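Shown next, in structure tokens, is the structure this report addresses.
In UniProt numbering, the protein residues as written are 1 to 219.
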């Protein structure tokens, strides 16, 4: 959303003059700037105060200065986000502020704790992501190695068969099969010859038995 995109955060260490105007004490101002309002958290190390300037309050203060809201917020950010040379800063302590101090301290501690946890989670997520990437790369490399080995063996077998075909050397299984086929054909030829010889002998025997002996007739 546009409001979220224009939100700014600043943190400033201000040097505030003491009552005698000879020494200064530091205060810390943390601010969140929105398009039409702002929030402040101020601490001197012992006490803390918060200010949540609502839109209507900012609009009223800007009208007192005869400024648009955007210019008033820009001016406040310029002086509370960065210490301006030549500007006089002062801090007036409120009569009550214990509850606000406790709330600011609690929120600050909670924020710091959440930030630490978020950083741990981010580091853990990055580590898991790197380990996952390394594992996937290792598995892929191993798979690629096995695949290339299989391809190499197939190419070697194909080349061997091609060389055998070109040189006229058939594989042992095919050679044995051809030899068996030749033996079977030879047996068939021999059987045909035997049957033919048997038929010829049988025919000759019949012819011989049918011939009648011729003798000389006596007178």
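Each residue gets a CB set at the ideal place from its N, CA and C atoms; glycine is no exception.
On a predicted model such as this, the values are computed, not experimentally measured, just so you know.
In DSSP terms, what residue i is bridged to
i: residue 39; result: 32 and 52
i: residue 25; result: 16
CB contact check: residue i to chain D, cutoff 7 Å
i: residue 58; result: Absence of chain D from the displayed structure is noted, only one protein chain being present.
Whether residue i touches residue j by CB criterion (7 Å)
i: residue 6; j: residue 28; result: no
i: residue 63; j: residue 50; result: no
i: residue 91; j: residue 16; result: yes
Enclosing beta strand (DSSP E) for residue i [first to last residue]
i: residue 46; result: It is not in any beta strand (DSSP E) - residue 46 carries neither H nor E in the DSSP assignment.
i: residue 14; result: 8-17
Proximal residues to residue i (C-beta, below 8 Å), its chain only, five neighbours per side dropped
i: residue 84; result: 78
i: residue 58; result: 36, 37, 38, 69, 72 and 73
i: residue 160; result: none
i: residue 142; result: none
i: residue 186; result: none
Cut-off 6 Å between Cβ atoms - residues of its own chain near residue i, not counting five sequence neighbours on either side
i: residue 13; result: 26 and 28
i: residue 194; result: none
i: residue 52; result: 39
Extent of the continuous alpha helix (DSSP H) run through residue i
i: residue 70; result: 69-81
Residues near residue i by beta carbon distance below 7 Å, same chain, minus five either side
i: residue 81; result: 10, 12 and 31
i: residue 129; result: none
i: residue 61; result: 72
i: residue 18; result: 24 and 25
Margin query: In chain order, what are the residue ranges of uninterrupted alpha helix (DSSP H) at least 4 long that sit wholly in the segment 124-177?
Written below: Listed in chain order, nothing qualifies, since the segment 124-177 has no complete alpha helix (DSSP H) run of 4 or more residues.
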